[in-house]
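S.K.: Okay, handing you the structure first.
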Amino acid sequence: MIKAQSESKNMDRELEIILGNLLRIGVVVAGSVLIIGAILFLVRHGSEVPSYHIFKPDSISLSNFQDLFRGLVKFQPVPIMELGILLLIATPVLRVLFSVFAFVYEKDYMYVLFTVIVLLVLIFSFFP
Amino acid sequence: MHDLNNLLFSLFIYIGSFFAGLLGSLTGLGGGIIIVPMLTVLFGVDIHFAAGASLISVISTSSGAASAYVKEGYSNIRIGMFLEMATTIGAVIGAYLAGVFSVKAISIIFATILVYSAISSLFFRKELGDFSKENKYARIFKLNGKYPTPKGEQSYSVQNVPLGFALSSFAGIMSGLLGIGGGAIKVIAMDRIMKIPFKVSTTTSNFMIGVTAAASAGIYLKNGYIHASLVMPVMLGVLTGAFLGTKILAVASSRSLKIVFSIIIIIMAYEMLKNGLK
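Set out below in structure tokens:
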């Protein structure tokens, strides 16, 4: 028979609902920014012909925050779309961060450790 | 297809991505497994950029669908977090490998993963009736749970935890290498190896793939493989498709989900192999 873990399971449910809503808000915000950038992009560059089979890896500013910021200030479409993408990537990272606090609150220290490990791996992937 | 202007290119990719998102959401694959072949085979996009766009779409599917899945009460956050340790470390390794492997090698690996997914899905698709056998690791790591069924709450115990964990790290490597959510492998690991009920494994996998893809996305960003004007129609298409998918999930049966899953996978495997062996 399976041992009941009903108390922690009820907490899990609340935690999951909060996290689920958090993620949805993140996606809505990121998606809205992306759509604004997309409209600007298609209005200004809609008739241009792209060449996606011969991309140059250095052709984007996503890895350069100064360029990104300058482009945002000038209201350029590509940097706005890039901001939307960065916000989107941030949503699961935030989810993991909030899970750390949630497991601390539940006093489930094994899962605090597990979640911190996941968070450290994520941080490592963005800052080598 | 290379002469399309930005408007038409975005529109066609949006439509394709919409259906990818719909199916990705319904099967727990995250859409990426269909996005990459679509972009490379149909639109001639370099596989690295296709994988980059796919990764971002995978994150949007996962995060966007999470709240809907949570309300249904299927997903298990501890199983998700436990296996994410394996998948994120795998994803970082896989994303580094993506910068090293040739396009041909990646295409062949992709096709192999697709073929394996299809075969295993077609020939071992028995829904398991007995989830009640207690597993030592499942108890230690608090992985057991309950999920709603038409007959009331059903308890389940997770089986073969070490093997499931190992397979999840492999899923992570494939996610980073191929730009997929790794959901196909994770569903196999969770559904077949760990014997988690299908709707629990599907929705928990959906929860996990966003975190896994974010780990890969960090490396892809640094490699310059995330291209905004390509990501834009892919992400918006997948997101709207996935949103519709979550509306359907609760009424679709496990069996019909798996049949749809298998047919799509077989078509994509054929196209990727043809492309990879060219």
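Note that the protein sequences, when read in sequence, are chains A and B.
Going by my numbering, 88 is the number at position 88 of the first sequence; the sequence numbering is gapless.
Going by my numbering, 1211 is the number at position 211 of the second sequence; the sequence numbering is gapless.
A virtual CB, placed ideally from N, CA and C, is assigned to each residue, including glycine.
1) Work out the CA separation of LEU1114(B) and SER1107(B) for me, nearest whole Å.
2) Mind reading off the beta-carbon distance from ILE1056(B) to MET1235(B)? Whole number of angstroms is fine, and I expect it under 8 Å.
3) When DSSP labels each residue in this structure, what does GLN1154(B) get in the three-state scheme?
4) In the region 68-87 of chain A, which residues sit with their C-beta less than 7 Å from some C-beta in chain B, listed in chain order?
5) Need the endpoints of the alpha helix (DSSP H) that GLY1164(B) sits in, please.
6) Based on Cα-Cα distance, which residue from ALA1091(B), TYR1147(B) and MET1081(B) lies nearest to SER1169(B)?
7) Could you tell me whether any Cβ in chain B is nearer than 8 Å to the Cβ of ILE60(A)?
8) Only counting the same chain, and skipping five residues up and downstream in sequence, which positions put a Cβ closer than 7 Å to that of GLY956(B)?
9) Quick one: what's LYS1146(B) bridged to in DSSP?
10) By how many angstroms is the C-alpha of ALA1065(B) removed from the C-alpha of SER1010(B)?
11) Could you check if ILE1226(B) is buried or exposed, using at least 16 other CB atoms within 10 Å of its CB as the buried criterion?
12) Give the straight-line distance between the Cα atoms of LYS107(A) and LEU1008(B), rounded to the nearest whole angstrom.
13) Helix, strand or coil for PRO79(A) per DSSP?
14) Could you check whether the Cβ of GLU14(A) sits closer than 8 Å to any Cβ belonging to chain B?
15) Per DSSP, what kind of secondary structure is ASP67(A) in: helix, strand or coil?
16) In the DSSP assignment, find the alpha helix (DSSP H) that holds VAL118(A) and state where it starts and stops.
17) So, under 8 Å CB-CB, THR1204(B) and GLY1080(B) are touching, yes? Tell me the CB distance rounded to an integer number of Å.
18) What's the C-alpha gap between ALA150(A) and ALA1228(B)?
19) Can THR115(A) and VAL96(A) be called in contact, C-beta distance under 8 Å?
20) Strictly under 8 Å for the Cβ-Cβ distance: is PHE98(A) near chain B by that measure?
21) Since ILE1089(B) contacts GLY1237(B) with CB under 8 Å, what's their CB separation in whole angstroms?
22) Under DSSP, the alpha helix (DSSP H) around ASN1223(B) begins and ends at which residues?
23) Against chain A, with Cβ distances strictly below 8 Å, would THR1203(B) count as a contact?
24) Measure from the alpha carbon of VAL33(A) to the alpha carbon of each residue in LEU122(A), PHE98(A), LEU88(A) and VAL104(A), then state which is nearest.
25) Am I right that ALA1053(B) and LEU1230(B) are in contact with their C-beta atoms under 8 Å? What's the rounded C-beta distance?
26) For a test of the three-state rule: what should DSSP assign to ASP1046(B), helix, strand or coil?
27) For the ligand GDP, is there a heavy atom less than 7 Å away from the beta-carbon of GLY1181(B)?
28) Helix, strand or coil for HIS1227(B), going by three-state DSSP, please let me know.
29) Can you find a CB in chain B that lies within less than 8 Å of the CB of TYR111(A)?
30) Distance cutoff 8 Å, beta carbons only. Does GLY1164(B) sit that close to anything in chain A?
31) Excluding the 5 residues preceding and the 5 following VAL104(A) in the sequence, name in chain order all residues of the same chain whose CB lies nearer than 8 Å to its CB.
32) Could you give the distance in angstroms between the alpha-carbon of ILE117(A) and the alpha-carbon of THR1246(B)?
33) Looking at the C-beta of VAL29(A), does it have a partner C-beta in chain B at a distance below 8 Å?
34) Taking DSSP as the reference, what is the three-state secondary structure of PHE1101(B)?
35) Which residues bound the alpha helix (DSSP H) around TYR1137(B)?
36) Can you name the residues of chain A whose CB is closer than 8 Å to the CB of GLY1210(B)?
M.R.: For this structure:
1) Start at 1 with the first residue of the second sequence, and residue 1107(B) comes out as number 107. Start at 1 with the first residue of the second sequence, and residue 1114(B) comes out as number 114. Each residue's alpha carbon lies about 11 Å from the other.
2) Position 56 of the second sequence, counted from the start, is the residue given in the question as residue 1056(B). Position 235 of the second sequence, counted from the start, is the residue given in the question as residue 1235(B). Indeed, because the Cβ distance is near 5 Å, the residues count as touching under 8 Å.
3) Working through the second sequence from its first residue, we reach residue 1154(B) at position 154. Strand, per DSSP.
4) VAL78, MET81, GLU82 and ILE85
5) What you label residue 1164(B) is simply residue 164 of the second sequence in a count that begins at 1. GLY1164(B) -> alpha helix (DSSP H) spans 1161-1178.
6) Working through the second sequence from its first residue, we reach residue 1169(B) at position 169. Of the listed residues, the one whose Cα sits closest to SER1169(B) is ALA1091(B).
7) Looking up residue 60(A) in the first sequence gives position 60. Caution is warranted here: a pLDDT of 49 is assigned to ILE60(A), below 50, making its placement in the model unreliable, and the coordinate value is therefore given only provisionally. At least one chain B Cβ lies under 8 Å of ILE60(A).
8) Given that chain B is displayed from residue 1001 to residue 1278, the structure contains no residue 956(B) and the question cannot be resolved.
9) The residue you call residue 1146(B) lines up with position 146 of the second sequence. Answer by DSSP bridge pairing, in chain order: SER1155(B).
10) The sequence position of residue 1010(B) within the second sequence is 10, counting from 1. The sequence position of residue 1065(B) within the second sequence is 65, counting from 1. The straight-line gap from Cα to Cα measures roughly 23 Å.
11) For the purposes of this step, residue 1226(B) is identified with residue 226 of the second sequence, where counting begins at 1. ILE1226(B) should be labelled buried.
12) Sequence index remark: in the first sequence, residue 107(A) carries index 107 (1-based). Sequence index remark: in the second sequence, residue 1008(B) carries index 8 (1-based). Each residue's Cα considered, the two are about 53 Å apart.
13) Counting from one through the first sequence, the residue named residue 79(A) turns up at place 79. Correct three-state label for PRO79(A): helix.
14) As a first step, residue 14(A) must be located in the first sequence, where it is residue number 14. So no, GLU14(A) is outside the interface.
15) Within the first sequence, numbered from 1, the residue matching residue 67(A) stands at position 67. It is helical.
16) Residue mapping note: residue 118(A) aligns to position 118 of the first sequence, counting from 1. Taken as a continuous stretch (DSSP letters only), the alpha helix (DSSP H) holding VAL118(A) covers 109-126.
17) As a first step, residue 1204(B) is located in the second sequence; it is residue number 204 there, counting from the start. As a first step, residue 1080(B) is located in the second sequence; it is residue number 80 there, counting from the start. Yes, they are in contact, since the Cβ atoms of THR1204(B) and GLY1080(B) sit about 5 Å apart, within 8 Å.
18) Lying outside 1 to 128, the shown extent of chain A, residue 150(A) is not represented and no answer is given.
19) By 1-based counting over the first sequence, the position of residue 115(A) is 115. By 1-based counting over the first sequence, the position of residue 96(A) is 96. Yes, these two residues count as a Cβ contact at 8 Å.
20) On the first sequence, position 98 is the one that residue 98(A) refers to. No, its Cβ sits nowhere closer than 8 Å to a Cβ of chain B.
21) To locate residue 1089(B), count along the second sequence from 1; it is residue 89. To locate residue 1237(B), count along the second sequence from 1; it is residue 237. Their Cβ separation, rounded to whole angstroms, is 30 Å, which puts ILE1089(B) and GLY1237(B) out of contact at 8 Å.
22) Translated into the one-based positions of the second sequence, residue 1223(B) becomes position 223. Counting along the chain, the alpha helix (DSSP H) containing ASN1223(B) begins and ends at 1198-1223.
23) Numbered from its first residue, the second sequence carries residue 1203(B) at position 203. THR1203(B) does not count as touching chain A.
24) Within the first sequence, numbered from 1, the residue matching residue 33(A) stands at position 33. Among LEU122(A), PHE98(A), LEU88(A) and VAL104(A), the Cα nearest to that of VAL33(A) belongs to LEU88(A).
25) In the second sequence, the residue the question calls residue 1053(B) occupies position 53. In the second sequence, the residue the question calls residue 1230(B) occupies position 230. Indeed, because the Cβ distance is near 5 Å, the residues count as touching under 8 Å.
26) Locating residue 1046(B) in the second sequence gives position 46, counting from the first residue. Reduced to three states, the DSSP call for ASP1046(B) is coil.
27) The ligand content of the structure shown is nil, which means the ligand GDP is not present either.
28) In the second sequence, the residue the question calls residue 1227(B) occupies position 227. Correct three-state label for HIS1227(B): coil.
29) Here residue 111(A) refers to the residue found at position 111 when the first sequence is read from its first residue. True, the Cβ-Cβ gap to chain B drops below 8 Å.
30) Here residue 1164(B) corresponds to residue number 164 of the second sequence, with the count starting at 1. So no, GLY1164(B) is outside the interface.
31) Position 104 of the first sequence, counted from the first residue, corresponds to residue 104(A). Excluding positions up to five away in sequence, the list reads VAL112.
32) In the first sequence, counting from the first residue as 1, residue 117(A) sits at position 117. In the second sequence, counting from the first residue as 1, residue 1246(B) sits at position 246. Roughly 30 Å separates the two Cα atoms.
33) Here residue 29(A) refers to the residue found at position 29 of the first sequence. Taking Cβ atoms only, chain B never reaches closer than 8 Å to VAL29(A), which makes this a no.
34) Taking the second sequence and counting its residues from 1, one reaches residue 1101(B) at position 101. In this structure, PHE1101(B) counts as coil in the three-state DSSP scheme.
35) For the purposes of this step, residue 1137(B) is taken as residue 137 along the second sequence, with counting starting at 1. Note, TYR1137(B): alpha helix (DSSP H), 1136-1140.
36) By 1-based counting over the second sequence, the position of residue 1210(B) is 210. Neighbours of GLY1210(B) on chain A, chain order: LEU23, THR91, PRO92 and ARG95.
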